[in-house]
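Undergrad: In our numbering, the protein residues as written are 3 to 83.
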Amino acid sequence: MIKSKKIPDELTIDYRGEKVMVAVLDKAPHTRFGIFFPEEATLVLHVETDATGKETWYEGAEPTSLAGELGELIEGSGYTY
3 MIKSKKIPDE LTIDYRGEKV MVAVLDKAPH TRFGIFFPEE ATLVLHVETD
53 ATGKETWYEG AEPTSLAGEL GELIEGSGYT Y
């Protein structure tokens, strides 16, 4: 996929039928995203790229399947970050 636009400070993604707000918290050293679920749960995610170009999404300090799933939705939004 060719990403075309710089990510806005906030966007909404669809996660399992719910609208979830995503906010860019900061961009250094890695872009961090706040994920705000309707039931008021909040996660902080960031993505790291290794020397081979493989991206791994983290929830806090740990890579998790939820972080990977949400990260794929953020990537699917078509924005660069």
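Cβ atoms here follow ideal geometry from the backbone N, Cα and C, with glycine treated the same way.
By Cβ distance, which residues of its chain are closer than 6 Å to Thr33, with the 5 residues on each side in sequence left out?
TA: Closer than 6 Å at Cβ, skipping near neighbours: Tyr83.
Undergrad: Name, in chain order, the residues that DSSP records as bridge partners for Leu47.
TA: Paired residue(s): Phe35, Glu61.
Undergrad: From the DSSP output, in three-state form, read off Ile76 for me.
TA: In the structure shown, Ile76 sits in a helix (DSSP, three-state: H, G or I).
Undergrad: For Lys8 and Leu45, what's the separation of their Cα atoms in angstroms?
TA: Computed Cα separation, rounded: 22 Å.
Undergrad: Does the contact criterion of 3 or more C-beta pairs under 8 Å hold for the segment 69-82 versus the segment 8-27?
TA: Contact holds: three or more Cβ-Cβ distances are below 8 Å.
Undergrad: Sort Pro10, Val49, Glu42, Lys21 by Cα distance to Gly62 and report the nearest one.
TA: Considering only alpha carbons, the answer is Val49.
Undergrad: Quick check: what's the CA-CA separation for Thr66 versus Phe35?
TA: Looking at the two C-alpha atoms, the distance is approximately 15 Å.
Undergrad: Please report the distance separating the alpha-carbon of Pro10 from that of Lys56.
TA: So the alpha carbons of these two residues sit roughly 24 Å apart.
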